[in-house]
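Some notes on the structure that comes next.
2 protein chains.
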Amino acid sequence: MNERLPIFNSAVSIDCVLFGFDNGELKVLLIERNGQPFKDWWALPGNLVGENESVDQSASRILHELTGLSNIYVEQYYTFGEVDRHPQGRVISVAYYAMLRLSGDKALKPLTSYVKNVQWINIKEMPKLAFDHQNIFNKALEKIKRRIKHLPIAFELLPEKFTLTQVQNVYELILGKKLDKRNFRKKILSFGVLKELNEKQKGVSFRAATLYKFDKRKYFKLFGKEISF
Amino acid sequence: MNERLPIFNSAVSIDCVLFGFDNGELKVLLIERNGQPFKDWWALPGNLVGENESVDQSASRILHELTGLSNIYVEQYYTFGEVDRHPQGRVISVAYYAMLRLSGDKALKPLTSYVKNVQWINIKEMPKLAFDHQNIFNKALEKIKRRIKHLPIAFELLPEKFTLTQVQNVYELILGKKLDKRNFRKKILSFGVLKELNEKQKGVSFRAATLYKFDKRKYFKLFGKEISF
DNA sequence: CCAAAAGTGTTCCCTCTACACCCATGC
DNA sequence: GCATGGGTGTAGAGGGAACACTTTTGG
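Chains L and B, in that order, are what the protein sequence lines are.
Residue 135 in the numbering used here sits at position 135 of the first sequence; the count goes up by one each step and never skips.
Whatever position you read off the second sequence (first residue = 1), add 229 for the numbering used here.
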């Protein structure tokens with residue numbers, strides 16, 4: 001680790017598990033590969049880390065290239081370094097999960113020569129994935145299952161104004177189980193980080209729900225105290 | 230990511246935060262560097278990932294070279310990938326924390342040309358560290374603070390047979406606060422993974438404490454249910 | 001007999017859980 | 001008026017926190 005660095009041909013890549021919530025469904029953005037290996041397979045979006053960017057920056061860049069958006073919530077969660085995980089050489093991959101407010105409208109799909117299709121896919125209908133991406137995806141789900149209990153990541157998936165039922169929906173999809181409505185509301189409101197708006201849902205054919213928004217200021221004040229779902 | 234891999238000169242290294250518990254103190258194994266850069270500074274043990282080993286294997290190898298021991302408990306926890314973290318080139322480092330039963334006797338110190346000293350240092354008396362190792366160390370502590378609440382990692386630091394006071398000691402050192410003795414014992418025993426032995430502490434000049442051991446079989450049965458300290 | 005640590009129960013409070021009905025709205 | 005989800009309270013159980021004294025042992 002001193003003198004000259006003895007380096008062999010390795011590469012570091014980033015893989016991103018980008019989650020979106022839309023219409024009551026939890027989705028992941030997958031790409032369909034256009035080149036070898038695993039041509040025509042579905043895969044997680046990813047790319048090599050550039051020479052002059054940190055791994056965090058690299059993840060943000062990849063997400064930006066994919067969606068056209070900046071400021072996507074993104075967290076590193078694990079590094080996959082098996083010797084044979086890439087058939088063409090040694091590639092160590094740092095994995096990130098990311099979360100996005102889907103509004104039905106967004107979800108741009110800028111194709112490149114490497115990618116012939118980009119699609120939001122319901123996590124309950126995942127196709128087979130290239131490389132070890134199934135494993136990478138599974139681990140992302142595990143991580144967010146754990147982290148959603150401490151961190152307000154659910155709100156990264158929701159629009160700015162949301163109903164409590166939507167919040168509950170996100171929790172249920174991530175945790176993979178039904179929750180009691182009354183208990184859920186008591187708890188989520190007891191954190192004191194949701195602000196009730198003088199505004200109701202619109203365009204629904206039933207009683208309109210009250211809208212809330214996530215109060216980041218209050219959340220950062222509470223930091224230290226941990227949310228514990 | 231297809232065709233040929235465009236590779237630049239990067240390297241992947243491993244850094245290990247190896248914890249040990251001895252004599253009521255929580256310690257970390259640090260090395261004193263013998264080469265540039267940061268010659269004579271203290272640093273975390275680490276090395277480059279070899280061409281034919283996974284990152285996990287690499288961490289185990291480094292720990293083995295350092296201590297002569299195999300089967301050290303080790304977990305990956307974060308990857309540090311800032312562009313400028315190594316003054317001699319781009320080095321992305323995958324960090325692991327590890328835990329070891331110190332019995333006063335062990336703690337071998339195989340020096341190399343790169344290392345002029347290896348020492349167990351109380352985490353309350355840490356020197357300045359080379360590179361971004363202070364940051365890597367801090368993050369390791371944060372991680373184990375969180376994980377000790379779910380995972381039985383405390384027992385990795387303890388000898389096979391231990392007293393409840395020793396367990397409490399480890400929890401207090403990692404969490405950085407005093408715990409109530411009666412409540413602690415109730416809770417730790419309520420998990421049902423400690424086996425009381427028909428054996429007492431020896432060689433102490435006061436009432437000898439009952440020895441316990443960690444029952445891995447029971448623990449793995451409980452898996453699914455989570456321990457929650 | 002003194003020093004040092006082992007070992008042990010109870011009370012209070014708060015949080016978690018289980019559970020079911022009426023309300024508002026659009027069609 | 002009916003279908004659809006919105007919104008609400010309570011009782012019981014269990015778990016967490018606070019708290020102090022007696023026991024054992026070696027020296």
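Positions of the beta carbon are idealized from the N, C-alpha and C atoms, including for glycine.
Being a predicted model, the structure only gives us computed values, none of them experimental.
Quick one: is residue i buried, meaning 16 or more other Cβ sit within 10 Å of its Cβ, or exposed?
i        : result
Gln317/B : exposed
Gly203/L : exposed
Tyr127/L : It should be pointed out that residue 127/L corresponds to Pro in this sequence rather than to Tyr. Exposed, by the Cβ-count rule.
Val246/B : buried
Lys178/L : exposed
Gln395/B : buried
Ala327/B : buried
Ser205/L : exposed
His133/L : buried
Leu189/L : exposed
Glu156/L : buried
Thr210/L : exposed
Ala208/L : exposed
Val303/B : buried
Gly405/B : exposed
His86/L  : buried
Leu426/B : exposed
Gly46/L  : buried
Thr67/L  : buried
Starting from residue i, trace the beta strand (DSSP E) both ways and give me its first and last residue.
i        : result
Arg262/B : 254–262
Gln119/L : 115–122
Arg90/L  : 90–100
Lys447/B : Counting along the chain, Lys447/B falls outside any beta strand (DSSP E), though it belongs to the alpha helix (DSSP H) covering 445–451.
Phe229/L : Per DSSP, Phe229/L belongs to no beta strand (DSSP E) and is neither H nor E.
Phe391/B : Segment: none, Phe391/B is in no beta strand (DSSP E) and carries neither H nor E.
Phe248/B : 239–251
Glu465/B : This structure gives no information on residue 465/B, because the portion of chain B shown stretches from 230 to 458.
Using a Cβ-Cβ cut-off of 8 Å (strictly less than) and excluding sequence neighbours within five positions of residue i, which residues of its own chain qualify?
i        : result
Arg262/B : Lys268, Asp269, Trp270, Trp271, Ala272, Tyr343, Val344, Lys345, Ala359
Ile312/B : Residue identity differs from the one stated: residue 312/B is Val in this sequence, not Ile. Closer than 8 Å at the Cβ level, and outside the excluded window around Val312/B, lie Arg319.
Asn398/B : Phe250, Gly253
Arg4/L   : With a pLDDT of 47 at Arg4/L, under the threshold of 50, the modelled position of that residue is not reliable, and the figure given next carries that caveat. Result list for Arg4/L: empty, nothing under 8 Å.
Arg217/L : none
Lys27/L  : Phe19, Gly20, Phe21, Leu102, Trp120, Ile121, Asn122, Ile123
Ala59/L  : Ile14, Cys16, Val74, Gln76, Val94, Tyr96, Ala98
Val55/L  : Val12, Ile14, Val49, Gln76, Val94
His150/L : Glu226, Ile227, Ser228, Phe229
Lys429/B : Ala437, Ala438, Thr439, Leu440
Within the same chain, show all residues whose beta-carbon is closer than 6 Å to that of residue i, passing over the 5 residues directly before and after it, in chain order.
i        : result
Leu277/B : Ala240, Ser242
Ser322/B : Ser242, Asp244, Phe309
Ala140/L : Val17, Tyr97
Arg375/B : none
Phe366/B : Val246
Tyr78/L  : Ala95, Lys139
May I ask which residues mark the beginning and end of the alpha helix (DSSP H) holding residue i?
i        : result
Phe184/L : 181–190
Glu142/L : 133–147
Ala383/B : 383–386
For residue i, which residues in the same chain have their Cβ closer than 7 Å to its Cβ, ignoring the five residues on either side in sequence?
i        : result
Glu389/B : Lys442
Glu172/L : Lys178, Leu179
Tyr219/L : Pro152, Val193
Asn412/B : none
Phe420/B : Ile456
Leu158/L : Phe21, Arg101, Gln166, Val167, Val170
Phe391/B : Leu440, Tyr441
Ile291/B : Ile243, Cys245, Pro274, Gly275, Asn276
* To do: Give, in chain order, every unbroken run of the alpha helix (DSSP H) that is at least 4 residues long and sits entirely within the segment 31–87 of chain L.
  => 55–67
* **Residues in the segment 87–102 of chain L having any Cβ partner in chain B nearer than 8 Å** => Gln88, Gly89, Arg90, Val91, Ile92, Val94
* Asked: At a Cβ cut of 9 Å, what residues of the segment 52–71 of chain L count as close to chain B, listed as they run along the chain?
  -> Asn52, Glu53, Ser54, Val55, Asp56, Gln57, Ser58
* **Against chain B: residues of the segment 143–175 of chain L by CB proximity under 9 Å** => Arg146, His150
* Below 9 Å between beta carbons is the criterion; list the residues of the segment 29–54 of chain L that meet it against any residue of chain B, in chain order. => Arg33, Asn34, Gly35, Gln36, Pro37, Phe38, Lys39, Ala43, Gly46, Asn47, Leu48, Val49, Gly50, Glu51, Asn52, Glu53, Ser54
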